[in-house]
Structure formats: structure tokens, C-alpha cells
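These notes are about the structure you will find just below.
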Amino acid sequence: MRKRKQSKDLLLFKLALVRCFSEVFNAEKEDIIYHHLPSAWRHFSRDELTFEPYIGKNELPTGQCAAEDQGSLLSLAVPAIPKQTPDMGNSLKAILAFVPSNKCQKYLLEDLEEMPVDKMVDLSGRQMRRLPVHICSFRELVKLYLSDNNLNHLPPELEQLQNLQILALDFNNFKALPLVVCTLKQLCILYLGNNKLCSLPLELRLLQNLKTLWIESNCLQYLPEVVCELSLLKTLHAGSNALRSLPAQLQCLQELRTIWLSGNLLSEFPPVLLDMPFLEVIDVDRNSIRFFPSLAHLPGLKLVIYDHNPCRNAPKVARGVRRVGRWSEETPEPRKRSGAVIEITLDEKPLLPPAAKTEPEAEPC
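Here our numbering runs 20 ahead of the position in the sequence shown, where the first position is 1.
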């Protein structure tokens with residue numbers, strides 16, 4: 021009887037491991053996993069393989085995982101998964117993180133040493149409540165996508181990823197930016213949109229390589245002045261917040277080329293933008309601006325979006341500058357220099373802001 025119980029416990033552990041694989045893979049790949057199980061497991065139905073107690077938990081049963089014979093258990097379970105499964109590299113890395121025992125993780129790592137190491141891990145849409153700490157051991161990572169989860173904190177071990185250039189934390193439950201993010205000094209693209217941020221920490225100024233910052237769809241009532249200290253910032257997405265104005269210090273960002281401010285509470289066109297001649301794209305769509313000053317003096321401007329405002333006029337722009345909004349068909353002002361009229365033509369049509377961002381797409385710096 022005791023031997024039979026041990027056999028049952030062993031089988032349950034294997035089923036839990038398969039469930040862990042199934043959570044990381046999408047539904048389509050779950051079929052692949054099921055059909056490559058050891059033949060002894062085939063008499064179990066698909067419903068029985070769901071292993072109900074662990075649904076929604078990104079972990080295996082700690083007691084079973086800490087068993088003395090964990091090495092043999094894992095060696096039996098891991099080869100059951102076909103090596104040619106698409107995207108196996110990233111998926112297996114993710115699975116390592118869900119095994120709570122350090123011994124289990126170490127065993128799996130040694131077993132996978134021959135795997136080619138890529139520099140990107142995508143754990144988006146896993147409904148995780150915590151970042152698996154083991155991910156932080158992949159110190160060669162350049163891109164880490166954690167979008168569309170239930171994260172509200174990050175482990176301090178994240179500081180080990182000093183090669184990270186792109187970090188996506190959008191569509192989570194962060195009420196404050198974890199300070200460990202500010203230790204990743206090679207970051208050049210940071211996605212923080214669709215969280216619950218009301219402010220940003222002063223430590224953000226440490227990210228002096230940051231070139232793109234997404235903070236749209238948060239709870240910001242003002243643009244944190246620390247953003248104005250990111251001297252290399254080129255693109256700022258701050259739409260869908262509750263901004264009523266912009267700080268004067270924003271003009272210090274001489275590298276800034278694109279600013280998205282749609283869906284805020286601006287009642288006037290931000291004066292500071294009139295003193296930023298290198299701006300190429302200005303988006304103030306869906307605000308409460310009633311009057312637009314002339315933007316014809318901005319030599320770098322290529323696109324201005326001002327639609328869905330209760331405005332009485334269209335902003336005047338230099339010839340060749342594209343406008344999106346009411347009265348945009350009006351003839352723009354010519355740009356004058358030394359008494360001569362110079363037409364500005366665009367080599368490329370400027371892109372409109374994305375309607376909805378589901379997956380971050382960006383090139384590494």
C-alpha cells in the first residue's frame with residue numbers, strides 16, 4: 021500500500037510539472053505536450069491533467085518539489101516534452117522560474133546548458149502575480165517583456181540584469197515604480213503604461229540612457245519633473261492621464277522629438293512646447309484646448325494632432341507640416357527666412373500614434 025501511495029505521489033508531481041508547462045505554453049501547444057507524455061500517463065483524461073489545486077498559481081507544490089529524489093523526477097518529466105517545440109528556448113526558461121526549489125532550478129539549468137541563449141524573454145500575458153526570481157539569473161538579457169500580467173512589485177534580484185535595454189511593465193498593477201528598475205542603467209526603452217502610477221521616483225534620473233518612456237494610461241495629475249532630467253529622451257508617451265499642464269523644465273530635453281499628450285485635461289496649449297524648436301511630433305488630441313497659438317516658428321515640426329478639442333481655430337504651422345484636426349485643410353503659413361519663402365517637404369509621412377498598444381515593439385538601442 022505504501023509503495024502504491026508513493027507511486028501516486030510521484031505521478032501527481034509529474035502531472036503538476038506538466039501543468040506548469042501548460043501554463044507557460046499557450047493553449048495550442050498544450051496539445052503537443054499532452055501527446056508527448058509517457059505512455060503510462062495516457063489513461064488519464066485531459067480534465068484530470070489540469071491538476072485543479074495549482075490552477076492560477078505560478079508554482080509547483082513545494083513539498084513535492086523538495087523531495088529527495090527530485091532529480092530523478094525531473095529527469096523523467098523534462099524529456100517528455102519534444103525538443104522541437106516552437107519557441108522552446110524562452111518557454112523553458114520561463115518554466116525554470118516556476119519551480120520553487122533552488123535545487124530543482126539548478127538541476128534544470130544544468131540539464132539545459134546546451135541550449136542556445138537568446139537575449140530576450142517574453143512572459144507577457146501569463147497573469148503572473150510575481151516575477152519568477154530565476155529570470156534574474158539570465159544576466160545576458162537585453163529585452164524583458166512582462167506586459168499584461170498582475171504584477172505589483174519586482175524582486176531586488178532584477179538588479180542583476182545590467183545588460184537590459186528594453187523593459188516592458190505595461191498592463192500590470194503597479195501603484196509605484198519599483199526602485200530596482202532605476203538600477204538598470206542601460207535601459208533605453210521603458211514601458212510603464214496602463215498601470216496605477218500617481219508619481220515617479222526621483223531615482224528615475226539614474227536612467228540616463230533612456231530614450232523612450234511610455235507612461236500613458238496611469239493616474240498622473242502632473243508630469244513628474246524627474247522626467248525632465250532624462251537628457252537623452254527622444255519619445256515621451258504621456259497620454260490618457262490627468263495632466264493639466266507641463267513643467268517649464270521640459271524644455272531642457274533638447275533631444276525630445278515626439279510627445280504624445282492625448283486624452284489629458286489640458287485647457288490650454290502647453291506654453292513650454294512653444295520653446296522646443298526640435299520637436300517633430302506633438303499630439304494633444306482629446307483635451308480641452310480652446311485656442312491654439314501659432315506653431316509656424318518651430319523649425320523641426322512635422323506633425324501636430326489636435327483633434328477632439330473645443331478649439332476655435334487650427335494651429336498655424338509652416339508649409340509641409342501635417343495637421344490632424346478641425347480646420348486642418350486651411351492653408352498653413354509659409355516659413356520665412358531672410359525675406360525668402362521656403363517650403364518644407366517631408367521625406368517620410370509621419371506616423372500617427374497607435375490606437376492601442378498590445379505588444380511593445382521596439383528596436384534595441
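For every residue, glycine included, the Cβ atom is placed at its ideal position computed from N, Cα and C.
Kindly indicate which residue of the options has the alpha-carbon position closest to the one of residue i.
| i | options | result |
| --- | --- | --- |
| residue 232 | 247, 239, 199, 219 | 247 |
| residue 284 | 335, 180, 342, 238 | 238 |
| residue 191 | 172, 139, 317, 306 | 172 |
| residue 139 | 280, 165, 262 | 165 |
| residue 274 | 169, 298, 287 | 298 |
| residue 159 | 169, 174, 167, 178 | 178 |
| residue 340 | 334, 224, 323 | 323 |
| residue 203 | 333, 175, 325 | 175 |
| residue 240 | 196, 249, 205, 229 | 196 |
| residue 300 | 288, 280, 189 | 280 |
| residue 245 | 151, 268, 314, 264 | 268 |
| residue 259 | 213, 222, 224, 221 | 213 |
| residue 217 | 243, 150, 149, 206 | 243 |
For the ligand COA, is there any heavy atom lying closer than 7 Å to the beta carbon of residue i?
| i | result |
| --- | --- |
| residue 182 | As for the ligand COA, it is missing from this structure, which has no ligand bound. |
According to DSSP, what are the bridge partners of residue i?
| i | result |
| --- | --- |
| residue 188 | 165, 211 |
| residue 302 | 279, 324 |
| residue 343 | 324 |
| residue 232 | 209, 255 |
By the three-class DSSP mapping on this structure, what secondary structure does residue i have?
| i | result |
| --- | --- |
| residue 256 | strand |
| residue 226 | helix |
| residue 334 | coil |
| residue 138 | coil |
| residue 157 | helix |
| residue 202 | helix |
| residue 180 | helix |
| residue 174 | coil |
| residue 221 | coil |
| residue 248 | helix |
| residue 316 | coil |
| residue 272 | helix |
| residue 291 | helix |
Does any residue of chain D have a CB that is nearer than 8 Å to the CB of residue i?
| i | result |
| --- | --- |
| residue 308 | Reference to chain D is not applicable here, since this structure consists of a single protein chain. |
How would you label residue i, buried or exposed, when you count the other beta carbons within 10 angstroms and need 16 or more for buried?
| i | result |
| --- | --- |
| residue 343 | buried |
| residue 338 | buried |
| residue 210 | buried |
| residue 183 | exposed |
| residue 305 | buried |
| residue 168 | buried |
| residue 295 | exposed |
| residue 290 | buried |
| residue 146 | buried |
| residue 262 | exposed |
| residue 329 | buried |
| residue 228 | exposed |
| residue 193 | exposed |
Is it a yes or a no for the region 317–330 touching the region 259–273, going by three-plus beta-carbon pairs under 8 Å?
no
Pairs of beta-carbons, one from the region 243–257 and one from the region 276–296, closer than 8 Å: are there three or more?
yes
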